[in-house]
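Read through the structure below, which is laid out as C-alpha coordinates, and then see the notes.
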Amino acid sequence: MPKPTRTQINTTNAPRPAPFLSQGLVVGDVVYCSGQLGVDPKTGKMVEGSVKDRTRQILQNLSAVLEAGGSSLQDAIKVNIFLADMADFPAVNEVYDSFFVDPKPVRTCVAVKTLPAGSDVEIECSGLVRKDRSSKL
(Lines of atoms letter the chains of each structure in order from A and count residues from 1; the text may use other names and numbers.)
(Lines give C-alpha, C1' and ligand atoms only; values in the text may rest on other atoms or scores of the structure.)
Protein backbone atom coordinates (compact mmCIF):
# COMPACT_ATOMS: atom_id res chain seq x y z
CA MET A 1 0.00 0.00 0.00
CA PRO A 2 1.49 3.40 -0.97
CA LYS A 3 2.25 5.85 1.80
CA PRO A 4 -0.03 8.94 1.70
CA THR A 5 1.67 12.14 0.65
CA ARG A 6 1.89 15.14 2.95
CA THR A 7 1.40 18.50 1.25
CA GLN A 8 2.20 21.63 3.22
CA ILE A 9 -0.29 24.52 3.21
CA ASN A 10 1.04 28.08 2.95
CA THR A 11 -1.46 30.92 2.68
CA THR A 12 -1.01 34.64 3.27
CA ASN A 13 -4.64 34.77 4.46
CA ALA A 14 -3.61 33.31 7.82
CA PRO A 15 -0.72 34.27 10.11
CA ARG A 16 2.71 33.00 9.10
CA PRO A 17 3.68 30.09 11.33
CA ALA A 18 6.85 29.87 13.38
CA PRO A 19 9.67 28.15 11.46
CA PHE A 20 9.15 24.91 13.39
CA LEU A 21 5.43 24.67 12.43
CA SER A 22 3.24 24.31 9.34
CA GLN A 23 -0.05 26.19 8.95
CA GLY A 24 -1.49 22.89 7.89
CA LEU A 25 -0.90 19.65 6.02
CA VAL A 26 -3.06 17.82 3.52
CA VAL A 27 -2.75 14.07 4.00
CA GLY A 28 -5.00 12.02 1.75
CA ASP A 29 -8.46 13.58 1.92
CA VAL A 30 -7.97 15.41 5.21
CA VAL A 31 -6.57 18.87 5.99
CA TYR A 32 -4.91 19.06 9.41
CA CYS A 33 -4.56 22.62 10.73
CA SER A 34 -2.11 23.72 13.38
CA GLY A 35 -3.54 25.55 16.35
CA GLN A 36 -4.32 29.19 15.64
CA LEU A 37 -4.27 32.19 17.92
CA GLY A 38 -6.25 35.39 17.43
CA VAL A 39 -3.53 36.98 15.31
CA ASP A 40 -4.45 39.26 12.42
CA PRO A 41 -2.51 38.00 9.36
CA LYS A 42 -2.21 41.56 7.99
CA THR A 43 -0.52 43.00 11.07
CA GLY A 44 0.96 39.90 12.70
CA LYS A 45 -0.42 41.14 16.02
CA MET A 46 -2.89 39.64 18.46
CA VAL A 47 -6.39 41.07 18.04
CA GLU A 48 -7.30 43.36 20.93
CA GLY A 49 -10.64 43.25 22.67
CA SER A 50 -12.51 40.31 24.12
CA VAL A 51 -12.10 36.55 23.86
CA LYS A 52 -14.95 36.72 21.33
CA ASP A 53 -12.85 38.98 19.09
CA ARG A 54 -9.90 36.59 19.24
CA THR A 55 -12.13 33.55 18.68
CA ARG A 56 -13.63 35.20 15.60
CA GLN A 57 -10.13 35.91 14.22
CA ILE A 58 -9.00 32.36 14.97
CA LEU A 59 -11.94 30.88 13.07
CA GLN A 60 -11.26 33.21 10.13
CA ASN A 61 -7.61 32.08 10.18
CA LEU A 62 -8.61 28.41 10.28
CA SER A 63 -11.07 29.00 7.46
CA ALA A 64 -8.25 30.43 5.32
CA VAL A 65 -5.97 27.44 5.99
CA LEU A 66 -8.78 24.96 5.30
CA GLU A 67 -9.71 26.77 2.07
CA ALA A 68 -6.09 26.72 0.91
CA GLY A 69 -6.13 22.97 1.44
CA GLY A 70 -9.38 22.43 -0.48
CA SER A 71 -11.67 22.25 2.55
CA SER A 72 -13.80 24.68 4.56
CA LEU A 73 -15.27 25.19 8.01
CA GLN A 74 -18.41 23.48 6.72
CA ASP A 75 -16.25 20.41 5.98
CA ALA A 76 -14.56 20.46 9.41
CA ILE A 77 -14.71 17.09 11.13
CA LYS A 78 -12.80 17.65 14.39
CA VAL A 79 -12.14 20.80 16.42
CA ASN A 80 -10.03 21.16 19.56
CA ILE A 81 -10.38 24.29 21.68
CA PHE A 82 -7.92 25.26 24.40
CA LEU A 83 -8.95 27.90 26.95
CA ALA A 84 -6.82 29.58 29.59
CA ASP A 85 -10.01 30.09 31.65
CA MET A 86 -13.15 27.95 31.47
CA ALA A 87 -15.15 31.06 32.37
CA ASP A 88 -14.67 32.00 28.67
CA PHE A 89 -16.51 28.84 27.54
CA PRO A 90 -19.92 30.55 26.92
CA ALA A 91 -18.39 33.47 24.99
CA VAL A 92 -16.28 31.17 22.80
CA ASN A 93 -19.31 28.93 22.16
CA GLU A 94 -21.37 31.92 21.04
CA VAL A 95 -18.84 32.84 18.34
CA TYR A 96 -18.14 29.19 17.47
CA ASP A 97 -21.83 28.51 16.87
CA SER A 98 -22.03 31.38 14.34
CA PHE A 99 -19.28 29.81 12.17
CA PHE A 100 -20.50 26.21 11.89
CA VAL A 101 -23.61 24.69 10.34
CA ASP A 102 -25.25 21.38 11.21
CA PRO A 103 -24.00 18.81 11.50
CA LYS A 104 -21.35 20.54 13.55
CA PRO A 105 -17.91 18.91 13.77
CA VAL A 106 -17.03 16.77 16.76
CA ARG A 107 -15.25 18.85 19.34
CA THR A 108 -13.16 18.87 22.48
CA CYS A 109 -12.69 21.89 24.73
CA VAL A 110 -10.21 21.86 27.58
CA ALA A 111 -8.75 24.36 30.02
CA VAL A 112 -4.97 24.64 30.03
CA LYS A 113 -2.56 26.43 32.31
CA THR A 114 -1.08 28.74 29.66
CA LEU A 115 -1.19 29.32 25.91
CA PRO A 116 1.38 30.77 23.49
CA ALA A 117 1.80 34.57 23.42
CA GLY A 118 -0.35 34.90 26.56
CA SER A 119 -3.48 34.10 24.56
CA ASP A 120 -6.73 33.16 26.26
CA VAL A 121 -7.86 30.83 23.44
CA GLU A 122 -6.31 28.57 20.78
CA ILE A 123 -8.20 26.41 18.30
CA GLU A 124 -7.09 23.66 15.90
CA CYS A 125 -9.15 21.62 13.47
CA SER A 126 -9.20 19.06 10.69
CA GLY A 127 -11.47 19.03 7.64
CA LEU A 128 -12.34 16.87 4.67
CA VAL A 129 -10.94 17.89 1.30
CA ARG A 130 -13.86 18.70 -1.00
CA LYS A 131 -12.28 20.88 -3.71
CA ASP A 132 -9.35 20.78 -6.07
CA ARG A 133 -6.45 22.22 -4.10
CA SER A 134 -3.71 22.09 -6.73
CA SER A 135 -3.92 25.82 -7.55
CA LYS A 136 -4.18 26.95 -3.92
CA LEU A 137 -1.09 25.41 -2.31
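Residue numbering for the sequence shown follows the working numbering, starting at 2 and increasing by one per position.
Where a beta carbon is used, it is the ideal one built from N, C-alpha and C, also for glycine.
Problem set entry | Residues near residue 25 in its chain [Cβ-Cβ closer than 8 Å; skip 5 each side] | As a first step, residue 25 must be located in the sequence shown, where it is residue number 24. Excluding residues within five positions, the ones whose Cβ falls inside 8 Å are 9, 10, 32, 33, 34, 35, 66, 67, 69 and 70.
For this session: Report the rounded CA-to-CA distance for residue 43 versus residue 74, giving the unit in angstroms.
Result: As a position in the sequence shown, residue 43 is number 42, starting the count at 1. As a position in the sequence shown, residue 74 is number 73, starting the count at 1. Answer to the nearest angstrom: the Cα atoms are 21 Å apart.
For this session: Between the Cα of residue 7 and those of 91, 118, 28 and 128, spot the shortest distance and give me the residue it belongs to.
Result: For the purposes of this step, residue 7 is taken as residue 6 along the sequence shown, with counting starting at 1. Checked all of 91, 118, 28 and 128; the closest Cα to residue 7 is 28.
For this session: Would you kindly report the start and end of the unbroken alpha helix (DSSP H) that includes residue 90?
Result: In the sequence shown, counting from the first residue as 1, residue 90 sits at position 89. Here the alpha helix (DSSP H) through residue 90 covers 90–100.
Exercise. In whole angstroms, what separates the C-alpha of residue 13 from that of residue 3?
Worked result: Within the sequence shown, the letter at position 12 stands for residue 13. Within the sequence shown, the letter at position 2 stands for residue 3. Each residue's alpha carbon lies about 32 Å from the other.
Exercise. What does a CB cutoff of less than 6 Å around residue 82 pick up in its chain, not counting 5 residues either side in sequence?
Worked result: Here residue 82 corresponds to residue number 81 of the sequence shown, with the count starting at 1. Correct list, in chain order: 110 and 124.
Exercise. Taking the alpha-carbon positions, what's the residue 90 to residue 100 distance?
Worked result: If you number the sequence shown from 1, residue 90 lands on position 89. If you number the sequence shown from 1, residue 100 lands on position 99. Each residue's Cα considered, the two are about 16 Å apart.
For this session: Could you pull out every residue in the same chain whose Cβ sits closer than 6 Å to the Cβ of residue 80, ignoring the five residues on either side in sequence?
Result: Within the sequence shown, numbered from 1, the residue matching residue 80 stands at position 79. Same-chain partners within the cutoff: 106, 108 and 126.
For this session: Give the secondary structure of residue 37 by DSSP, where H, G and I count as helix, E and B as strand, and everything else as coil.
Result: Along the sequence shown, read from residue 1 onward, the residue named residue 37 stands at position 36. Correct three-state label for residue 37: strand.
For this session: Starting from the C-beta of residue 92, find all residues in its chain whose C-beta is less than 6 Å away, skip the five residues before and the five after it, and write them out in chain order.
Result: As a working mapping, residue 92 is identified with position 91 in the sequence shown. 52 and 53.
Exercise. How far does the alpha helix (DSSP H) with residue 60 in it reach, from first residue to last?
Worked result: If you number the sequence shown from 1, residue 60 lands on position 59. Start and end: 52–69.
Problem set entry | Under 8 Å between C-beta atoms of residue 5 and residue 40 | The residue you call residue 5 lines up with position 4 of the sequence shown. The residue you call residue 40 lines up with position 39 of the sequence shown. Their beta carbons are not under 8 Å apart, which means residue 5 does not touch residue 40 by this criterion.
Exercise. In this structure, does DSSP put residue 26 in helix, strand or coil?
Worked result: Here residue 26 refers to the residue found at position 25 when the sequence shown is read from its first residue. Looking at residue 26 - three-state DSSP - the assignment turns out to be strand.
Exercise. Are the beta-carbon atoms belonging to residue 116 and residue 88 less than 8 Å from one another?
Worked result: Working through the sequence shown from its first residue, we reach residue 116 at position 115. Working through the sequence shown from its first residue, we reach residue 88 at position 87. No, the pair does not count as a contact, with Cβ atoms beyond the cut-off.
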